[in-house]
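Engineer:
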Amino acid sequence: MSTSTTTTSTTTTTSAVQPQKQDTLTLTSTPDITPYTKHGYLFGQKLTASMSPLLHSIVYSHLSLNWAQLRLDSPSIPLFLQLAQHPDFYGASVTMPHKVAIIPHLDHLTPECRDVGACNTLFLKTDEATGRRLFCGANTDVIGVRESFVQNVADPARCYEGRPALVIGGGGAARSAVYALHKWLGATGIYLVNRDKTEVDAVIAECTERGYGDRLVHVASVEQAEALEGPGAIVACIPDFPPKTEKEVLARRIIDTFLRKEEKGAMLEMCYNPSPFTELGALAEKEGWQVILGTEALIWQGIEQDKYWTSRTNEELPIQQIKEVIAAKLAEASKSQAR
Numbered sequence: 001m002s003t004s005t006t007t008t009s010t011t012t013t014t015s016a017v018q019p020q021k022q023d024t025l026t027l028t029s030t031p032d033i034t035p036y037t038k039h040g041y042l043f044g045q046k047l048t049a050s051m052s053p054l055l056h057s058i059v060y061s062h063l064s065l066n067w068a069q070l071r072l073d074s075p076s077i078p079l080f081l082q083l084a085q086h087p088d089f090y091g092a093s094v095t096m097p098h099k100v101a102i103i104p105h106l107d108h109l110t111p112e113c114r115d116v117g118a119c120n121t122l123f124l125k126t127d128e129a130t131g132r133r134l135f136c137g138a139n140t141d142v143i144g145v146r147e148s149f150v151q152n153v154a155d156p157a158r159c160y161e162g163r164p165a166l167v168i169g170g171g172g173a174a175r176s177a178v179y180a181l182h183k184w185l186g187a188t189g190i191y192l193v194n195r196d197k198t199e200v201d202a203v204i205a206e207c208t209e210r211g212y213g214d215r216l217v218h219v220a221s222v223e224q225a226e227a228l229e230g231p232g233a234i235v236a237c238i239p240d241f242p243p244k245t246e247k248e249v250l251a252r253r254i255i256d257t258f259l260r261k262e263e264k265g266a267m268l269e270m271c272y273n274p275s276p277f278t279e280l281g282a283l284a285e286k287e288g289w290q291v292i293l294g295t296e297a298l299i300w301q302g303i304e305q306d307k308y309w310t311s312r313t314n315e316e317l318p319i320q321q322i323k324e325v326i327a328a329k330l331a332e333a334s335k336s337q338a339r
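In this note's numbering, the protein residues as written are 1 to 339.
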């Protein structure tokens, strides 16, 4: 994939990107962009532990670019769009809770972004006819999911290809997981487990509209899970909180039922904030599953983002160096947890 990917227009109007006056007061101060030739943002909330700026700083240093990705922790899309008008802005990582809500404000979407219905990457293009700068949305989370399995599972044919898959959650990351499992990872069907039925219904409805909803099954009870063939690939897209409510406890019991099935596979634990070592990942590992840390998805989706922003190829990007730095950060996190 590159920035030449075919895009599909959305119905953006100029007024859609104009912030209201009160939105500019959401932050007491905005990130300092003055030291950098170009700058981008990590836009979302609860960003303190995110490794995204670190990952991209490795790329820019390797390419001798005086660029930076700066944290913009804000609930305000209009504020972000105001800051994105700066001529030295190159693009952004878009994270929760904005992955779906940002879409109406974009001029174009890549096919993956359109089909998933969630955007995690904003990049720029220029309208050749008018010279106007266009805000374009991509979804590199799907690449992160795909490459996490492709790069880490030694025998895909035995592990997950030609078997059902399981997605835990119902938000933007879950949509990306469904798309990757459907399009690239050979899932025969996809089970959905989530505490909120309305979110699952929305995912199924959207995927049906895009032509692959008939492959999705909402698993709503332990009895239903017991009767189903075990999954080969699992993607967990929920925060690392112990289940408390009745619906959360039920969802965990359903997940446990799948994990205990005789035939195992690989689970990608997408949660890596504040730590990639989650309770759910530990449960899966105890039951004999290969657990792939969420930082793998972070690395591969981040590499894909920098291909959009810098127009470089995989061969030109410091993939091994990124892995080594992230691994060192993981080791630090592991030591902190052990104390």
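We put the CB at the ideal spot given by N, CA and C, even for glycine.
Here the structure is a predicted model, which is why all the values come from computation and not from measurement.
Whole-angstrom Cβ separation of ALA118 and SER176, contact assumed at under 8 Å?
Structural biologist: Here residue 118 corresponds to residue number 118 of the sequence shown, with the count starting at 1. Here residue 176 corresponds to residue number 176 of the sequence shown, with the count starting at 1. About 6 Å; that satisfies the 8 Å criterion.
Engineer: Is ALA282 near the ligand SAM, going by C-beta to nearest heavy atom under 7 Å?
Structural biologist: In the structure shown, the ligand SAM is absent, as is every other ligand, since no ligand is present at all.
Engineer: Put ILE238 into one of helix, strand or coil per three-state DSSP.
Structural biologist: Looking up residue 238 in the sequence shown gives position 238. The answer is coil: DSSP assigns ILE238 none of H, G, I, E or B.
Engineer: Give me the Cα-Cα distance between PRO274 and ALA327, rounded to the nearest whole angstrom.
Structural biologist: Here residue 274 corresponds to residue number 274 of the sequence shown, with the count starting at 1. Here residue 327 corresponds to residue number 327 of the sequence shown, with the count starting at 1. PRO274 and ALA327: Cα-Cα distance of roughly 15 Å.
Engineer: What is the DSSP secondary structure of HIS56, reduced to helix, strand or coil?
Structural biologist: For the purposes of this step, residue 56 is taken as the residue at position 56 of the sequence shown. Helix.
Engineer: So, is GLU223 buried or exposed, given that buried needs 16 or more other C-beta atoms within 10 angstroms?
Structural biologist: One-based indexing of the sequence shown puts residue 223 at position 223. When all chains shown are included, GLU223 counts as exposed.
Engineer: With a CB to CB cut of under 8 Å and the five nearest residues on each side skipped, what residues in its chain are close to GLU269?
Structural biologist: Locating residue 269 in the sequence shown gives position 269, where the first residue counts as 1. Cβ neighbours of GLU269 beyond the five flanking positions: ALA236, PRO276, THR278, LEU280, GLY281, ALA284, VAL291, ILE292, LEU293, GLY294.
Engineer: Leaving out five residues on either side along the sequence, give the residues of the same chain with a beta carbon under 8 Å from the beta carbon of GLY288.
Structural biologist: In the sequence shown, counting from the first residue as 1, residue 288 sits at position 288. Once the five neighbours on either side are set aside, the close Cβ partners of GLY288 are LYS264.
Engineer: Below 7 Å CB to CB, which residues in the same chain sit around GLU332 once its five sequence neighbours on both sides are set aside?
Structural biologist: By 1-based counting over the sequence shown, the position of residue 332 is 332. Counting only Cβ-Cβ distances below 7 Å, and skipping sequence neighbours, we find nothing.
Engineer: Return yes when the Cβ of ASP88 is within less than 8 Å of the Cβ of THR30, no when it is not.
Structural biologist: Within the sequence shown, residue 30 is the residue found at index 30, counting from 1. Within the sequence shown, residue 88 is the residue found at index 88, counting from 1. It is not a contact, given that the beta carbons lie outside the stated cut-off.
Engineer: For THR198, report the span of its alpha helix (DSSP H) as first-last.
Structural biologist: Stepping through the sequence shown from its first residue, residue 198 is reached at position 198. Note, THR198: alpha helix (DSSP H), 197 to 209.
Engineer: Should HIS182 be labelled buried (16 or more other beta-carbon atoms within 10 Å of its own) or exposed?
Structural biologist: Numbered from 1 along the sequence shown, position 182 holds the residue referred to as residue 182. Buried: at least 16 other Cβ atoms inside 10 Å.
Engineer: With C-beta atoms as the reference, is ILE168 less than 8 Å away from ILE255?
Structural biologist: As a working mapping, residue 168 is identified with position 168 in the sequence shown. As a working mapping, residue 255 is identified with position 255 in the sequence shown. Closer than 8 Å, so yes.
Engineer: Helix, strand or coil for ALA88? Go by DSSP, reduced to three states.
Structural biologist: Taking the first residue of the sequence shown as position 1, residue 88 is located at position 88. The identity of residue 88 in the sequence shown is Asp, whereas the question assumes Ala. Reduced to three states, the DSSP call for ASP88 is coil.
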